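So the structure is just underneath, and the comments pick up after that.
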Amino acid sequence: ENEEQPNCLRKSICKLHVMKKMLKQLSINPDKTLAVGDSLGDLCIIKQARIGVAFRPKHPELIKAADIVIHSDFYELTEKLKSFLEMLKN
516 ENEEQPNCLR
526 KSICKLHVMK
536 KMLKQLSINP
546 DKTLAVGDSL
556 GDLCIIKQAR
566 IGVAFRPKHP
576 ELIKAADIVI
586 HSDFYELTEK
596 LKSFLEMLKN
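One point on numbering: in the numbering used here, the residue at position 40 of the sequence shown is 555, and numbering is uninterrupted.
Here it is in structure tokens:
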């Protein structure tokens, strides 16, 4: 494996590539995005999104990159998502 290649690109599908493609197809401004991830494979989308959420992160790099870190459960994640949606309305 090429160690210089980002972790997300070592998989058959790069999440960042898919995210950018979807944003373009749906005409969504990247400033209106939130990404949730738990592993290094999600690091690229956590960094790209306006708000990056590390949900039960499995690696310290994800914690460093995230705007929000959730160690508990889906209830807390749901509350953070609600807050994000309210913020977008303003």
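Built from N, CA and C at the ideal position, the CB exists for glycine as well.
Every value quoted in this text rests on a predicted model; they were computed, and no experiment measured them.
Rounded C-alpha distance that separates residue i from residue j
i: MET534; j: VAL551; result: 12 angstroms
i: LEU577; j: LEU555; result: 6 angstroms
i: ILE543; j: MET602; result: 16 angstroms
i: HIS586; j: ASP546; result: 25 angstroms
Host alpha helix (DSSP H) of residue i (start-end)
i: ALA569; result: Run containing ALA569: none in the alpha helix (DSSP H); it sits in the beta strand (DSSP E), 566–570.
i: ILE528; result: Looking at the DSSP string, ILE528 is not in any alpha helix (DSSP H), and its letter there is neither H nor E.
Delimiting residues of the beta strand (DSSP E) encompassing residue i
i: ALA550; result: 549–552
i: ILE560; result: Per DSSP, ILE560 belongs to no beta strand (DSSP E); it is in the alpha helix (DSSP H), 558–563.
i: ILE585; result: 583–585
Whole-number beta carbon distance between residue j and residue i, since they are thought to touch under 8 angstroms
i: LEU531; j: ILE560; result: 5 angstroms
Neighbour-count burial assignment, residue i, 16 or more Cβ in a 10 Å radius
i: ILE566; result: buried
i: LEU549; result: buried
i: ASP588; result: exposed
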